[in-house]
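Take a look at the structure below.
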Amino acid sequence: MFFQRLRGVFSNDLSIDLGTANTLIYARGQGIVLDEPSVVAIRQDREGGMKSVAAVGDEAKMMLGRTPQNITAIRPLKNGVIADFTVTEKMLQYFIHKVHESRIIRPSPRVLVCVPCGSTQVERRAIKESAAGAGAREVYLIEEPMAAAIGAGLPVDEPRGSMVLDIGGGTSEVAVVSLNGIVYSNSVRTGGDRFDEAIINYVRRNYGTLIGEATAERIKHAIGSAYPGEKKQEIEVKGRNLAEGIPRSFVLNSNEILEALQEPLAGITGAVKTALEQTPPELGADVAERGIVLTGGGALLRGLDRLIEEETGLPVLVADDPLTCVARGGGRALEMIDERGGLDLFSTE
Amino acid sequence: MRVVETPPGREGPGSQLRAKRQERGLDLAEVAAQLHLTSAVIQQLERDDYEGLGHVFAIGYLRNYARLLRLDPEPYVELYRTQVQNVPTPVPRPARPQKRRPPLLPLSGLFLFLLVGIMGLWYVWSVPSPSPKEASSLDFSGDAPPAEPASSVPVERQEPAHSGAASPPVLLSSEPALVSMEPEPPPPSSSVPSGGVLESPPPTPAEPQVSTESSVEPGPTPEPEQPASPPEVVLEFSGPCWVDLRDSSRKFKRFGEMKAGDRLVLKGTPPYSILLGNAAVVRMTIGGEPFDLSQKTRGNVAKFTLNPTR
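These protein sequences, in sequence, are chains A and B. In terms of numbering that gives the first Met the number 0, the first sequence opens at residue 0 and continues consecutively. In terms of numbering that gives the first Met the number 0, the second sequence opens at residue 0 and continues consecutively.
This is the structure we're talking about:
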């Protein structure tokens, strides 16, 4: 206990956005210090032999879908919650060490981790224990939409409703925030990963060709859009033709991807509409007056703001630097703990 | 209500947008309806009065407004930031914290210094007959302590040094066959620009006379340096384009989408592997000369390998 406190003196407070696709770490006073994919490559040389970590983060992501038999690259988080406890712990350990590199003493920081608002007690406990196992001295949890709202710069402490839609890798969270608290929140298990899956399925159905997750993600980044744009964009991709069994290349355009993404996008707009229905009228009026703020990597999908604007008839804005909103908001919340013991922000376990 | 005072000659983003709107002949109510905002809010924006809106919303509205008028929203957002928010430019992702190093730096520096000192002493003792040249090579190894090849260089260099050649410290290539070809007049045949400076070749110990000659005449030495700096390859983007650029040494890599107005200079060693997702918006020049991408383009995607030295 004493040693842990001593080690804490040499560590920074961290806010971790433990996402399905990417993990971001914000260190107090330094900003975003780490932004890596949540992927771990595990090596097991013999059957029943010792498992060891071969790579974490960017390096491991490159291995995804390209590993030999003795290595497995896995994503330890699914739908925003932990799917593989030990691997998540190892990954967090690696990331915490990475932001404290050049230290002799093992770091033991205070850590704030963001959790999806739809996660259960069991899932929250798993995240808490995994962070503690990775060396954290104290672990706080905050609900993701709250962190996203703070990070986007919304006036969360005012008696005024603000709606935030955070589209992450595994989940999309929509919440109405007022007076430092969440009035309504909902989480749907539709996010960037579902977009990739939809693209894979579309290509298989229409081109009879199988593409991998990495290729699907590349297509999404390059030409993915949620609303028809002015220009048609194209990309050349390669995949294995199911009939011939041979890799073939073909050209996809942005309109086809738009068609492919219809189903997951409908899930997100549906969640926003439900949230607007369930919001108390006063707060609903505030939201209608000022608009919905988009955060998370999904907000970078072209035309998503237009789509939600058309569907709801409300103004929709994309926050500045949407990818880092949650981590930055968590960092701000950590500062609030010291300023005024802002514990009302945090979810109990 | 507080109206932001704008410096003379520079209008606020809102009034600039109003001018653009009037140029297009758009009605205020029409704009308000399309942006799903009230006319009052639009009027407030156009007056550059952002009181009570909050920075997030003001920026968001300006961005949407500019996009509605088919303008690039970034200049207006930038203007808002400098004039209203008084933030020079947002730094969304500060670089990795380099400044946190100091606590360990003095210690590791001392350790490194000691290590270098011990290695230096060991080197001095292990050489049987110290001569002035060796002293200079010792300095050389002291200059770059962490690099391993540096410490191995003086050992290999010992023999030519004994032969009496007063040559400056050179970087040796590990292939004697390739090196022995180089003194001949047409050197660019073996153009292996490895980033480092290829100077006069190291002589084989069997013929010390050649070594003195090659090290004395400085004439041919600048020649092999020419291919070390390939012509500059510049890519200019006039629209969004997804790119994947790599060089052969895998040191330079660019992967992702470029925006309109971006300019990219290829670094690293040629040949480069180039992939442009939207080749129509890319203008490529090699050493100032425009390069025709249309031959390499198929379905608006250009993928090819480029060696600008040819």
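Glycine included, each C-beta is placed from N, C-alpha and C at the ideal position.
Contacts of residue i in chain A (Cβ-Cβ under 8 Å)
i, result
"Asn85/B", "By Cβ distance, chain A contributes nothing, its closest Cβ being about 15 Å from Asn85/B, past 8 Å."
"Val30/B", "Residues of chain A passing the Cβ test: none, with the nearest at roughly 12 Å."
Backbone CA spacing between residue i and residue j [nearest angstrom]
i, j, result
"Ala351/A", "Ile117/B", "An answer regarding residue 351/A cannot be provided, because it is not within the stretch 0 to 348 covered by chain A."
"Glu35/A", "Lys50/A", "22 Å"
"Met162/A", "Ala284/A", "11 Å"
"Gly64/A", "Asp192/A", "15 Å"
"Thr278/A", "Val175/A", "7 Å"
"Leu44/B", "Glu308/A", "20 Å"
"Tyr206/A", "Ile181/A", "45 Å"
"Tyr49/B", "Ala39/B", "12 Å"
"Lys237/A", "Phe249/A", "6 Å"
"Pro108/A", "Gly330/A", "13 Å"
"Asn69/A", "Met61/A", "16 Å"
"Glu288/A", "Pro314/A", "8 Å"
"Ser248/B", "Thr304/B", "14 Å"
"Glu77/B", "Gln43/A", "52 Å"
"Tyr75/B", "Lys19/B", "12 Å"
"Glu255/A", "Gly11/B", "41 Å"
"Leu67/B", "Gly51/B", "23 Å"
"Gly336/A", "Arg124/A", "Per the sequence presented here, residue 336/A reads as Ile, with Gly not at that position. If I take the Cα positions, the gap works out to 21 Å."
"Gly312/A", "Ser118/A", "30 Å"
"Ala65/B", "Pro72/B", "5 Å"
"Pro187/B", "Ser253/A", "Below a pLDDT of 50, predicted positions are generally treated as unreliable, and Pro187/B, at 46, falls in that range; the measurement from the model is reported next regardless. Rounded to whole angstroms, Pro187/B to Ser253/A spans 47 Å at the Cα level."
"Ile199/A", "Gly211/A", "7 Å"
"Pro246/A", "Thr214/A", "13 Å"
"Pro131/B", "Leu113/B", "Below a pLDDT of 50, predicted positions are generally treated as unreliable, and Pro131/B, at 45, falls in that range; the measurement from the model is reported next regardless. One C-alpha to the other measures close to 24 Å."
"Glu181/B", "Ser237/B", "With a pLDDT of 44 at Glu181/B, under the threshold of 50, the predicted position of this residue should be treated as unreliable, and no value is reported."
"Glu128/A", "Ala135/A", "9 Å"
"Ile141/A", "Leu13/A", "13 Å"
"Glu122/A", "Tyr139/A", "14 Å"
Nearest-angstrom Cβ-Cβ length linking residue i and residue j, presumed shorter than 8 Å
i, j, result
"Gly228/A", "Arg301/A", "6 Å"
"Met90/A", "Val55/A", "6 Å"
"Gln169/A", "Thr19/A", "For the record, residue 169/A in the displayed sequence is Gly; it is not Gln. About 3 Å; that satisfies the 8 Å criterion."
"Leu265/B", "Phe251/B", "7 Å"
"Arg159/A", "Ser177/A", "6 Å"
"Val187/A", "Ala270/A", "5 Å"
"Ile15/A", "Val112/A", "5 Å"
"Ala72/A", "Val98/A", "The pair is not a contact, with the Cβ atoms about 22 Å apart (cut-off 8 Å)."
"Thr268/A", "Asn185/A", "With 8 Å as the limit, Thr268/A and Asn185/A do not qualify as a contact, their Cβ atoms being about 13 Å apart."
Closest Cα partner of residue i within the set the options
i, options, result
"Lys302/B", "Glu29/B, Ile273/B, Arg20/B, Val281/B", "Ile273/B"
"Asp317/A", "Leu33/A, Leu164/A, Tyr139/A, Val32/A", "Checking the sequence shown, residue 317/A turns out to be Val, not Asp. Nearest option by C-alpha distance: Leu164/A."
"Leu34/B", "Asp48/B, Gly24/B, Arg62/B, Asp47/B", "Arg62/B"
"Thr308/B", "Ala57/B, Tyr64/B, Ser228/B", "Ser228/B"
"Leu303/A", "Ala125/A, Leu264/A, Thr273/A", "Leu264/A"
"Ile24/A", "Met335/A, Arg327/A, Thr208/A, Glu338/A", "Arg327/A"
"Leu244/B", "Gln82/B, Ala18/B, Thr268/B, Gln15/B", "Thr268/B"
"Gly223/A", "Tyr75/B, Val83/B, Cys240/B", "Cys240/B"
"Gly295/A", "Gly312/A, Lys272/A, Glu281/A, Asp319/A", "Asp319/A"
"Val83/B", "Arg297/B, Asp47/B, Met257/B", "Asp47/B"
"Ile81/A", "Gln120/A, Glu100/A, Val98/A, Glu58/A", "Gln120/A"
"Asn306/B", "Ser293/B, Asn299/B, Thr284/B", "Thr284/B"
"Gly79/A", "Ile41/A, Val271/A, Gly48/A, Pro144/A", "Pro144/A"
"Cys324/A", "Val55/B, Arg17/B, Thr37/B", "Val55/B"
"Asp312/B", "Gly53/B, Val281/B, Pro270/B", "What the structure shows of chain B is the stretch from 0 to 309, and residue 312/B is not part of that stretch, so it cannot be assessed."
"Gln261/A", "Pro280/A, Phe194/A, Ile234/A", "Phe194/A"
"Asn240/A", "Asn11/A, Ala221/A, Leu76/A, Arg203/A", "Arg203/A"
"Glu235/A", "Arg17/B, Trp124/B, Val242/B, Val232/B", "Val242/B"
Under 7 Å by beta carbon: chain A residues contacting residue i
i, result
"Leu36/B", "Pro314"
"Val123/B", "Per Cβ cutoff of 7 Å: no residues; Val123/B is ~32 Å from chain A at best."
"Asn299/B", "Glu233"
Interface residues of chain B facing residue i [CB-CB closer than 9 Å]
i, result
"Glu308/A", "Leu34, His35, Asn63"
Partner residues on chain B for residue i, Cβ-Cβ distance less than 8 Å
i, result
"Ala221/A", "Trp241, Glu256, Gly276"
| request: Could you list the residues in the segment 136-154 of chain A with a C-beta less than 8 Å from some C-beta on chain B, going in chain order? | output: Ala151, Gly152, Leu153, Pro154
Below 7 Å between beta carbons is the criterion; list the residues of the segment 231-245 of chain A that meet it against any residue of chain B, in chain order.
-> Gln232, Glu233, Ile234, Glu235
What residues in the segment 319-339 of chain A bring their beta carbon closer than 8 Å to a beta carbon of chain B? Asp319, Asp320, Thr323
| query | When Cβ atoms are compared, which residues of the segment 277-306 of chain A fall closer than 7 Å to chain B? | reply | Arg289, Gly290, Val292
Please list the residues of the segment 223-254 of chain B that have a C-beta atom closer than 7 Å to any C-beta atom in chain A, keeping them in chain order.
Trp241
*With 9 Å as the C-beta to C-beta threshold (strictly closer), list the residues of the segment 48-61 of chain B near chain A in chain order.*
Leu52, Gly53, His54, Val55, Phe56, Ile58, Gly59, Tyr60
Item checked: Near-chain A residues of the segment 259-284 of chain B (beta-carbon distance less than 7 Å), N- to C-terminal order -> Gly276, Asn277
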